[in-house]
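**Student:** Dropping the structure in here first, questions after.
Residue numbers (my numbering): 370 to 574.
The following block contains the structure:
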């Protein structure tokens, strides 16, 4: 999973949750190992996006993310994805392909952060709230548009106020999701997963 840290020092150490190509390749190695031993896979997403530095691009950032998306589509074991904070862009998709994609109630999931969207469209961060509304990035929006499979409720005030209760809620949701997936054969699991993601973004009148 992705980790951003809880203070300035830890955030710098974790690169603010922005993974390099090596991080995605490490994640893929572990997922393939889990598949080899027939173990379910759980990923935790919390990133403002993949690291956009020149060095990361030179080491194949785009290829690493694309490879993960491709390989995760074909994994023969249950895959559960939990978005616990930010879920932005390809950085999230690099470990975000699963049979069950769940979101914490107060998390968000989008092709771009509201701040960056505001900067691109209006050349200012001042319109980030307008951008957020247009992006429809909340868990409720994602559920209505059938882009996720479930919402994990948070305690009053958010997960950080009662972390123990949040852990229990996440654990329960993960166990239920894995149990649902384990009723299917590997072949059926892969087909449903591929169909689900292939249908996203399809529009018909």
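Ideal Cβ positions, reconstructed from N, Cα and C, are used throughout, including at glycine.
So within the stretch 441–466, which uninterrupted beta strand (DSSP E) runs reach at least 3 residues, ignoring any that extend past its ends?
**Tutor:** Segments of the beta strand (DSSP E) lying fully in the stretch 441–466: 448–457.
**Student:** Among residues of its own chain, excluding the 5 on either side of residue 377, which ones have a beta-carbon nearer than 7 Å to its beta-carbon?
**Tutor:** Result list for residue 377: empty, nothing under 7 Å.
**Student:** Between the beta-carbon of residue 449 and the beta-carbon of residue 520, is there less than 8 Å?
**Tutor:** No. Outside cutoff.
**Student:** Below 8 Å between beta carbons: does that hold for residue 387 and residue 416?
**Tutor:** Yes, the Cβ-Cβ distance between residue 387 and residue 416 is below 8 Å.
**Student:** Would you decide whether residue 323 is buried or exposed? Buried here means 16 or more other CB atoms lie within 10 Å of its CB.
**Tutor:** Nothing can be reported for residue 323: it is not among the residues displayed for the chain, which extend from 370 to 574.
**Student:** In three-state DSSP terms, what is residue 559?
**Tutor:** It is helical.
**Student:** Which residues does DSSP pair with residue 477 in a beta bridge?
**Tutor:** In the DSSP output, where bridge partners are listed per residue, residue 477 has 455 and 507.
**Student:** In whole angstroms, what is the alpha-carbon distance linking residue 556 and residue 442?
**Tutor:** Each residue's alpha carbon lies about 12 Å from the other.
**Student:** So for residue 431, helix, strand or coil by DSSP?
**Tutor:** Here residue 431 sits in helix by DSSP.
**Student:** Check this for me: beta carbons of residue 370 and residue 413, under 8 Å apart or not?
**Tutor:** In contact: residue 370 and residue 413 (Cβ atoms closer than 8 Å).
**Student:** Counting beta carbon pairs with one atom in the stretch 472–480 and one in the stretch 502–518, are three or more of them shorter than 8 Å?
**Tutor:** Touching, yes.
**Student:** Just how far apart, CA to CA, sit residue 522 and residue 562?
**Tutor:** The alpha-carbon atoms of residue 522 and residue 562 are separated by roughly 24 Å.
**Student:** Give a yes or no on whether the C-beta atoms belonging to residue 419 and residue 454 are separated by under 8 Å.
**Tutor:** No, the pair does not count as a contact, with Cβ atoms beyond the cut-off.
**Student:** Start and end of the beta strand (DSSP E) containing residue 412?
**Tutor:** Counting along the chain, the beta strand (DSSP E) containing residue 412 begins and ends at 410–416.
**Student:** If we count Cβ pairs, one from each stretch, closer than 8 Å, do we get three or more for the stretch 431–447 versus the stretch 525–532?
**Tutor:** They do not touch, by the three-pair rule.
**Student:** Please list, in chain order, all residues of the same chain as residue 433 whose beta carbon is under 6 Å from its beta carbon, the five residues on each side excluded.
**Tutor:** Same-chain partners within the cutoff: 390, 393 and 394.
**Student:** For residue 470, which of helix, strand or coil comes out of DSSP?
**Tutor:** Three-state DSSP puts residue 470 in a strand.
**Student:** In the DSSP assignment, find the unbroken beta strand (DSSP E) run with residue 520 in it and report its ends.
**Tutor:** Segment 519–521, the beta strand (DSSP E) holding residue 520.
**Student:** Pick out whichever of 445, 384 and 553 has its Cα sitting closest to the Cα of residue 402.
**Tutor:** The residue with the shortest Cα to Cα distance from residue 402 is 445.
**Student:** Along the chain, where does the alpha helix (DSSP H) containing residue 491 start, and where does it finish?
**Tutor:** Where residue 491 is concerned, the enclosing alpha helix (DSSP H) stretches over 483–491.
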